[in-house]
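Under full-length UniProt numbering, the first residue of the sequence shown carries the number 1, and numbering increases by one thereafter.
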Amino acid sequence: MPGDLSFEPLTPVSYLDRAAAAHGDRLAVVDGDQRWTYAQLHDRCRRLAGALTPLAGGRPVAVLAPNTHVLLEAHFGVPWAGVPLVAVNTRLSAREIAYILEHSEAAVLIHDPAFDDLVDAALALLTAPPVRIRAGEGDNGTYESLLADAVPHAITPQDERALLAVNYTSGTTGRPKGVMYHHRGAYLQALAMVGHTGLSPTAVHLWTLPMFHCNGWCFPWAVTAAAATHVCLSKVDPAEIWRLIRDEGVTHLNGAPTVLSMIAYAPEAAPVTPAVRIATGGAPPSPAILRRMAELGFDVTHLYGLTETFGPAMICDWRPEWNGLDTHQQARLKARQGVGNMISCAVRVVAANGADVPRDGASVGEIALRGNNVMLGYFKDPAATEKASPDGWFRTGDLGVIHPDGYIELRDRSKDVIISGGENIASVEVEQALCEHPAVLEAAVIAVPDERWGEVPAAYVTLHAGKAATQAELIEHVKNRLARFKAPKYVVFGTLPKTSTGKIQKFVLRDRAWATAGQSVNRAG
């Protein structure tokens with residue numbers, strides 16, 4: 001055969017090239033009154049790349065925005081500028097945002113005008129703030145002018161394992177860690193999501209999952225790969241969700257179980273036809289909510305994953321033979337975490353010695369993953385990277401069992417990260433904030449059950465002798481230092497249980513709290 005075959009590096013932004021070429025006239029984006037075809041979206045994203053390339057100078061571009069066309073376009077325009085995307089959690093505090101901007105070395109910050117005050121406060125904390133671009137409703141035409149004046153441009157990565165994005169997640173150390181995504185992983189993860197959720201050119205995807213969270217589980221690229229329609233939603237509003245389901249013909253959406261509850265019990269709730277497919281993760285959906293969603297005509301699939309795995313690493317694939325089971329049995333099966341998704345090389349449950357536990361649904365071990373959808377590592381933190389994957393298998397920190405049919409189910413946790421409404425909260429970070437209060441001697445923060453959020457942080461505090469503080473005062477103290485959702489929902493004062501070496505026994509506090517509530521710890525990533 002004459003010559004050498006040429007292979008193009010895998011990159012998720014190539015899905016927009018394909019969509020524009022094959023489906024250029026199809027509706028790509030709905031954002032309020034604004035609508036763009038795939039040909040127009042392609043042009044806008046390439047113009048964004050052209051505008052950002054000289055501004056970024058090879059350094060990351062951060063974006064702070066709700067689920068609008070701006071953040072969607074950044075998922076293509078920023079990589080086409082040849083630099084990594086840093087999508088910032090919109091619920092963080094100014095201090096946290098400043099840390100991410102500094103740690104990621106972001107050269108540019110694109111932000112929605114709704115966050116003007118927050119950005120002002122964050123940039124004031126930096127000695128070398130990034131270039132600031134206001135983009136969205138109320139920007140006085142800044143963003144559209146930027147695109148109009150730019151020359152379309154695209155840099156194609158030469159290495160498919162080059163850095164695509166950095167996603168910051170809270171760890172047990174309290175400091176956010178930058179999880180590095182590569183082009184190959186996002187390309188394959190997006191393709192897996194197309195297959196697992198049944199996306200097609202006729203699909204209409206409603207953005208109820210934050211795009212800043214694990215890059216929206218790679219769905220900005222997945223929906224585009226299918227040439228389906230993106231329907232943007234800047235705020236999770238049950239009434240608006242139901243309106244869009246009916247008016248726009250929504251066929252797919254994703255979100256934490258709390259979002260499912262908001263939809264299922266909204267006054268506007270009524271059976272839908274045809275069925276709307278939902279992927280849920282971040283906490284275990286209760287059998288009750290799964291039954292309610294089924295009654296309304298929603299087909300719910302349970303996923304499990306972490307920021308380190310580009311979002312969903314396991315999926316509770318539904319087996320046809322389960323269709324004959326009663327609704328209670330079906331809901332119980334749907335609540336399991338499932339099996340590895342299409343692109344995962346392997347999923348294991350391992351004992352402390354690294355051996356696989358028996359497939360008996362009872363032997364507990366740690367969930368370990370290896371495959372195309374595992375991160376490159378933690379940005380500027382090789383020690384943490386090595387600790388997370390000591391033998392080439394990423395240790396999730398979650399404990400579970402594997403059933404005889406190969407499906408995995410979580411049982412407990414080995415990390416003290418609290419997952420509230422799908423958001424990660426580092427207990428140590430909240431404890432540190434509490435201990436900044438002059439009246440607090442020591443504090444322990446754990447997850448406690450909550451009907452709405454699945455679990456929420458609760459603080460157990462010992463005060464200095466002779467000092468006083470109220471529950472409301474300490475909660476407000478934390479809210480002034482961290483994102484408000486990280487603040488404890490209640491505070492218990494008293495002596496904390498400790499080991500003989502003086503270590504606080506969090507498991508004692510956790511066992512008491514969850515036993516009182518009549519529940520057990522069991523979450524999805």
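In this text, a Cβ means the ideal position worked out from N, Cα and C, and glycines have one as well.
Opposing strand residues paired with residue i [DSSP bridges]
i, result
"His27", "The displayed chain sequence assigns Leu, not His, to residue 27. Paired residues: Thr37."
"Ile367", "Val349"
"Thr229", "Val204"
"Phe298", "Val276"
"His252", "His205, Arg277"
"Leu306", "Gly311"
"Gly377", "Met180"
"Gly282", "In the DSSP output, where bridge partners are listed per residue, Gly282 has none listed."
"Glu423", "Ser420"
"Tyr168", "Gly178"
"Val339", "Ile315"
"Asp356", "Val350"
"Leu163", "His182"
"Val131", "Val108"
"Ile408", "Gly338, Ile402"
Reference residue i; option with closest CA among the options
i, options, result
"Val194", "Asn480, Thr11, Ala226, Ala313", "Ala226"
"Arg359", "Ile408, Gly371, Asp326", "Ile408"
"Leu496", "Arg512, Gln329, Ala487", "Arg512"
"Asn167", "Leu101, Arg411, Asp159", "Leu101"
"Met262", "Glu436, Val236, Ala135", "Val236"
"His183", "Pro176, Pro157, Lys177", "Pro157"
"Gly77", "Leu164, Arg246, Asn254, Pro9", "Leu164"
"Pro285", "Val259, Leu296, Thr470", "Val259"
"Arg243", "Phe219, Val223, Val272", "Val272"
"Val131", "Asp31, Val63, Ala269", "Val63"
"Arg484", "Glu423, Asp149, Val461, Leu27", "Glu423"
"Lys479", "Glu436, Asp356, Ala154", "Glu436"
"Ala465", "Leu441, Trp453, Val445", "Leu441"
"Cys232", "Leu27, Gly281, Leu509", "Leu27"
"Gly397", "Gln40, Thr307, Ala21, Glu240", "Thr307"
"Arg411", "Ala269, Ile367, Leu147", "Ile367"
"Leu209", "Glu8, Asn67, Glu321, Tyr38", "Asn67"
"Val179", "Ile402, Tyr378, Leu509", "Tyr378"
"Ala362", "Val349, Pro382, Gly282, Ala81", "Val349"
"His403", "Leu123, Thr385, Val428, Val364", "Val364"
"Gly32", "His69, Asp17, Phe7", "His69"
"Gly138", "Thr224, Ala122, Ala65, Ala121", "Ala65"
"Thr251", "Leu146, Pro312, Glu476, Trp207", "Trp207"
"Glu295", "Ala426, Gly141, Thr327", "Thr327"
"His42", "Arg35, Gln34, Gly24", "Gly24"
"Lys310", "Tyr15, Gly185, Leu463, Arg161", "Residue identity differs from the one stated: residue 310 is Phe in this sequence, not Lys. Looking at the Cα atoms, Gly185 is the closest of the given residues."
"Thr169", "Asp120, Asp159, Arg91, Gly141", "Arg91"
"residue 568", "Phe219, Leu474, Asn140, Ser234", "The structure shown does not extend to residue 568, since the chain spans only 1 to 525, so no value can be given for it."
"Thr197", "Arg246, Asp317, Leu147", "Asp317"
"Pro467", "Lys486, Gly494, Arg481", "A small fix is needed here, since residue 467 is Lys in this sequence, not Pro. Closest option to Lys467, Cα to Cα, is Gly494."
"Arg175", "Leu325, Val428, Leu369, Gln471", "Val428"
Beta-carbon separation (whole angstroms), residue i vs residue j, contact threshold 8 Å
i, j, result
"Pro488", "Pro457", "5 Å"
"residue 527", "Gly400", "Because the chain in this structure spans residues 1 to 525, residue 527 falls outside the shown range and cannot be described."
"Arg395", "Ala331", "Actually they do not touch by this definition, with Cβ atoms about 30 Å apart."
"Tyr187", "Pro12", "5 Å"
"Ala222", "Ala190", "4 Å"
"Glu455", "Ile504", "That pair is no contact at about 19 Å."
"Ala81", "Thr224", "Actually they are not in contact, since the Cβ atoms of Ala81 and Thr224 sit about 18 Å apart, beyond 8 Å."
"Gln471", "Val491", "4 Å"
"Met314", "Tyr304", "4 Å"
Quick test of the definition: if touching needs 3 or more C-beta pairs under 8 Å, does the stretch 87 to 104 touch the stretch 45 to 55? no
Complete beta strand (DSSP E) runs within the UniProt domain "AMP-binding enzyme C-terminal" (429 to 503) (minimum length 3 residues, chain order): 440 to 450, 454 to 463, 490 to 493
Using a Cβ distance threshold of 8 Å, determine whether the stretch 197 to 205 contacts the stretch 220 to 239, with at least three qualifying pairs required. yes
Answer yes if the stretch 34 to 48 comes into contact with the stretch 62 to 74, meaning at least three C-beta pairs across the two stretches below 8 Å, and no otherwise. yes
Is the stretch 338 to 353 touching the stretch 365 to 381 in the sense that three or more CB pairs, one from each, lie closer than 8 Å? yes
Are there three or more Cβ pairs, one per stretch, closer than 8 Å when the stretch 115 to 131 is compared with the stretch 437 to 453? no
Does the stretch 203 to 216 come into contact with the stretch 82 to 89, if we say contact requires no fewer than three beta-carbon pairs (one atom in each stretch) closer than 8 Å? yes
Below 8 Å, can you find three or more Cβ-Cβ pairs linking the stretch 432 to 440 to the stretch 377 to 393? no
Counting beta carbon pairs with one atom in the stretch 103 to 112 and one in the stretch 53 to 64, are three or more of them shorter than 8 Å? yes
For the stretch 27 to 115, which segments carrying the alpha helix (DSSP H) assignment without a break, of at least 4 residues, lie completely within its bounds, in sequence order? 38 to 56, 69 to 80, 94 to 104
Using 8 Å as the Cβ pair cut-off and three pairs as the minimum, do the stretch 274 to 281 and the stretch 298 to 306 touch? yes
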